[in-house]
Amino acid sequence: MIMPIAQKITENDFTWCLHCERAFLTETARQITVKGEELQLCHYPDCDGTLIDFWSWSDVRKDKNGLERYPAIPEIGKVYPLYPDQTAPGTK
Ligand SMILES: [Zn+2]
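Each residue of the sequence shown is one higher than the one before, starting from 297 at the first, in our numbering.
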């Protein structure tokens, strides 16, 4: 069920996925049931990140210089790399 976004949204309402490095509203995580167990999947259908890949957005922002780098309210669908400055030569 899709809830209307009514109340004030804060950074605590967002989850960040280590797999795809994108953020989403925590309540929009996909739910599936496997062998009777409820699993949470990343909001984005092209990503197979699960609960263990989820960080709270506020933790991502607290990491390093995240507070300066990342907005309180992340853009949906935008990639927010965890270590954007640590690109080794020859890698992407
Ligand atoms: Zn993901």
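Every residue, glycine too, gets a C-beta built ideally from N, C-alpha and C.
Residue i, enclosing beta strand (DSSP E) - first and last residue
i      : result
Val330 : 326-330
Leu378 : It is not in any beta strand (DSSP E) - Leu378 carries neither H nor E in the DSSP assignment.
Glu333 : 333-337
Cys313 : 310-313
Leu321 : 319-321
Residue span of the alpha helix (DSSP H) that contains residue i, given as start and end
i      : result
Arg357 : 353-358
Per-residue burial, residue i [other beta carbons within 10 Å of its own, 16 or more giving buried]
i      : result
Val330 : exposed
Leu363 : exposed
Leu337 : buried
Heavy atom of ligand 1 within 8 angstroms of residue i beta-carbon
i      : result
Arg357 : no
Gly373 : no
Arg318 : yes
Gly345 : yes
Report yes or no: do three or more beta-carbon pairs, one from the stretch 350-368 and one from the stretch 309-324, lie closer than 8 angstroms?
yes
Decide yes or no for the touch test of the stretch 365-380 against the stretch 301-319: beta carbon pairs closer than 8 angstroms, at least 3 of them.
yes
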